[in-house]
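> Residue numbers (full-length UniProt numbering), protein chains in the order written: chain E, 1 to 310; chain Y, 1 to 310.
Every residue gets a Cβ at the ideal spot worked out from N, C-alpha and C, and that includes glycine.
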């Protein structure tokens, strides 16, 4: 495996060296607020269905030879309601597996400690060579499995933003490319939820993995872990809303059981990000959210790739 | 809207009249067992990744102009474990929305009472014309929203298998086609979990909605609601495993946070359906599962399209 970590500026630069996994380069949250439905008063006139009817949401990616899987990990809370359910889901954390179907090189995004067996079982079944476990940021609501995964998968590297403050084999920054076989994801720095948040864009811009920077009809909170509402607003508008309207958005969480959205939809319907920057800052500064249940144990563990260390 | 309900035999007959929604045609479960991982001893030699690398799992459907969304609804249970989680997910129920991006005609599969607002909000946002709410069977673990949805969406029809014993506007049987715009799903009868289970296959056979007949690495239990392990074995082998290996499987449930599988994977890795029929029957007759929590209220409600009646 070659070992090239290349910075690419500007973001859209077409020809770029790739970050090949196995890099020897020396390098080294608090999760989302509830994304609640749903304001009507939006200022975009785009019709998400008509932008590009050929591709819109009929598939998860239009790239041939790309394997893609979305997994869920769920946190529940006690809620007594009227329809005899005693527990409801508080958060759904998504993990993504991507692979080249020919070379079988694979990467995993935001893996969760509790679901490591599920994820590695599928990797084994499909005969994949998992080369990188990457986190979109230093999560505060769950513990990453990247450290334990490194102990169980020979040659596996971990990666996270160089601004996250966390340790990892590879520290990522704007324009870096994460390659697996003939495919790659490009890193876009999207600070605001935390100062180390990054977003991954597929080569054909048909998929974007937004972490907590942009959720379906919501976004990550900005009231700790170096959160900054102005930064988040700029990140989303400059780095995500500039993608094609039919680009599929795969976030780190959802609270309503939604699995995917599109840039066009969020540009039109996101109740926070369709506001002016001043209105957005006002909203974010007045959410008055409780401290996350697991923040103390999660953040300290995630700073070193999880409970099992780097 | 035209009103034609046509039976098509054999299943693969290419030219067929369609069941158009809004049909005036007079027509007259217990949900899945845990699908646990994961036996290695399988008799297929197919490599799910190499079957058709062009399409395998890189998208949820290869049909142009088809909008597709997968939603989750989650049941939790109390589980004291060692990593400070007090509640775990007992079941995840999937709902599917499909639409023609041009005509905006849409159908919904297995909608859940508790998530009706989420589902109808998205229908409204995307400007869809929801014409049919269809259930894969008479569910025993949750209550359908099809009855309430009919009250809230003008012109909406409900549909279910004619063998389900349940009431609906349209009673479906083998070979019927459910059309929305230029797209359609074909009905395959797959009894065994219940005698009224049906499976929906997309026109290009790139997607199959299997209800509880086939789950990811599992299948629905067969110990009540006219369950029959022999029938289920034949249903899966004759009606689902005969689809292309790269056909994406969207089940009614998952218990491990998995969102999709493929026919090739299940043919190779399903720990039950890779066995002989006799072994399968032995397994299914000895699951010794507890009675579902909500079976009494769910089944009686679902026989009439949910709590709100037909």
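The segment 118-152 of chain E: which residues have C-beta closer than 7 Å to a C-beta of chain Y, in chain order?
Correct list: 118, 121, 125, 126 and 127.
> Can you pull the chain E residues whose beta carbon is under 9 Å from the beta carbon of residue 208 of chain Y, in chain order?
Going along chain E, no residue has its Cβ under 9 Å from residue 208 of chain Y, so there is no contact; the nearest lies around 15 Å.
> Please name the residue, chosen from E/247, E/246, E/152 and E/184, that lies closest to residue 100 of chain E on a Cα-to-Cα basis.
Out of E/247, E/246, E/152 and E/184, E/184 has the C-alpha closest to the C-alpha of residue 100 of chain E.
> Are any of the Cβ atoms in chain Y nearer than 7 Å to that of residue 302 of chain E?
Residue 302 of chain E does not count as touching chain Y.
> Check whether the Cβ of residue 255 of chain Y lies closer than 7 Å to any Cβ atom in chain E.
Answer no: the Cβ-Cβ gap between residue 255 of chain Y and chain E never drops below 7 Å.
> When you check each C-beta in the segment 181-207 of chain Y against every C-beta of chain E, which residues fall closer than 7 Å?
Listed in sequence order: no entries.
> When the distance is taken between beta carbons, is residue 187 of chain E closer than 7 Å to residue 176 of chain E?
Yes. Within cutoff.
> Decide yes or no for the touch test of the segment 121-133 of chain E against the segment 230-246 of chain E: beta carbon pairs closer than 8 Å, at least 3 of them.
No: fewer than three Cβ pairs fall under 8 Å.
> Can you look up residue 392 of chain Y in the DSSP assignment and give me helix, strand or coil?
It is not possible to answer for residue 392 of chain Y, since the shown part of chain Y is limited to 1 through 310.
> Tell me, please, whether the CB atom of residue 289 of chain Y is closer than 7 Å to any CB atom in chain E?
Not closer than 7 Å to any Cβ of chain E, the Cβ of residue 289 of chain Y fails to qualify, so no.
> Any beta carbon of chain Y sitting closer than 7 Å to that of residue 97 of chain E?
Not an interface residue.
> Taking 7 Å as the threshold (beta carbon to beta carbon), is residue 73 of chain Y in contact with chain E?
Yes - at least one Cβ of chain E is within 7 Å of the one on residue 73 of chain Y.
> Please report the distance separating the alpha-carbon of residue 146 of chain E from that of residue 73 of chain Y.
Cα to Cα, residue 146 of chain E sits roughly 28 Å from residue 73 of chain Y.
> Along the chain, where does the alpha helix (DSSP H) containing residue 264 of chain Y start, and where does it finish?
Residue 264 of chain Y -> alpha helix (DSSP H) spans 263-269.
> Is residue 241 of chain E close to chain Y? Criterion is C-beta to C-beta, closer than 7 Å.
By this cut-off, residue 241 of chain E is not an interface position.
> Relative to the C-alpha of residue 103 of chain Y, which candidate in Y/111, Y/275, Y/70 and Y/130 has its C-alpha closest?
Of Y/111, Y/275, Y/70 and Y/130, the residue nearest in Cα terms is Y/130.
> Any idea if residue 292 of chain E is buried or exposed, counting beta-carbon neighbours within 10 angstroms, 16 or more meaning buried?
Per the 10 Å Cβ criterion, buried.
> Does the Cβ of residue 309 of chain Y have 16 or more other Cβ atoms within 10 Å, making it buried, or fewer, making it exposed?
With fewer than 16 Cβ atoms within 10 Å of its Cβ, residue 309 of chain Y is classed as exposed.
> So residue 190 of chain E and residue 240 of chain E are supposed to be a Cβ contact under 8 Å. How far apart are they, rounded?
That belief holds up - the Cβ atoms of residue 190 of chain E and residue 240 of chain E are roughly 7 Å apart, short of 8 Å.
> Can you tell me the Cα-Cα spacing of residue 157 of chain Y and residue 225 of chain Y, whole angstroms?
Looking at the two C-alpha atoms, the distance is approximately 25 Å.
> What separation, rounded to the nearest whole angstrom, lies between the Cα atoms of residue 277 of chain Y and residue 172 of chain Y?
Their Cα atoms are separated by approximately 28 Å.
> Please confirm if the segment 252-261 of chain Y is in contact with the segment 283-290 of chain Y, defined as three or more CB-CB distances below 8 Å between the two stretches.
Touching, no.
> State yes or no: is the beta carbon of residue 116 of chain Y nearer than 7 Å to at least one beta carbon in chain E?
False, the Cβ-Cβ gap to chain E never drops below 7 Å.
> Am I right that residue 132 of chain E and residue 178 of chain E are in contact with their C-beta atoms under 8 Å? What's the rounded C-beta distance?
Correct: roughly 6 Å between the Cβ atoms.
> Suppose contacts are defined by Cβ-Cβ distances below 7 Å. Is residue 152 of chain E in contact with residue 219 of chain E by that definition?
No, these two residues do not count as a Cβ contact at 7 Å.
> Per DSSP, which residues does residue 68 of chain E bridge with? Please list them.
Answer by DSSP bridge pairing, in chain order: E/98.
> For residue 113 of chain Y, which residues of its own chain have a beta-carbon under 8 Å away from its beta-carbon, when the five flanking residues on both sides are left out?
Excluding residues within five positions, the ones whose Cβ falls inside 8 Å are 142, 143, 144, 145, 148, 306 and 307.
> Would you report the Cα separation of residue 127 of chain Y and residue 135 of chain E, rounded to the nearest angstrom?
Straight-line Cα distance between these residues: approximately 35 Å.
> When the distance is taken between beta carbons, is residue 197 of chain Y closer than 7 Å to residue 181 of chain Y?
The answer is no: Cβ separation not under 7 Å.
> Assign residue 154 of chain Y to buried or exposed, taking buried as 16 or more other Cβ atoms, counted over all protein chains shown, within 10 Å of its Cβ.
Classification of residue 154 of chain Y: exposed, given that the 10 Å Cβ count is below 16.
> Tell me whether residue 115 of chain E sits in a helix, a strand or coil according to DSSP, three-state version.
Residue 115 of chain E falls in the helix class under three-state DSSP.
> Within 10 angstroms of the Cβ of residue 238 of chain Y, are there 16 or more other Cβ atoms? Answer buried if so, exposed if not.
That one is exposed.
> Which of the three DSSP states is assigned to residue 164 of chain Y in this structure?
Coil.
> How long is the line joining the alpha carbons of residue 202 of chain Y and residue 208 of chain Y, rounded to whole angstroms?
Answer to the nearest angstrom: the Cα atoms are 6 Å apart.
> Within 10 angstroms of its Cβ, does residue 266 of chain E collect 16 or more other Cβ (buried), or is it exposed?
Buried, because 16 or more other Cβ atoms sit within 10 Å of the Cβ of residue 266 of chain E.
> Measure the beta-carbon distance from residue 164 of chain Y to residue 137 of chain Y and round it to whole angstroms, keeping in mind my assumption that it falls under 8 Å.
With a Cβ gap of about 6 Å, residue 164 of chain Y and residue 137 of chain Y count as contacting.
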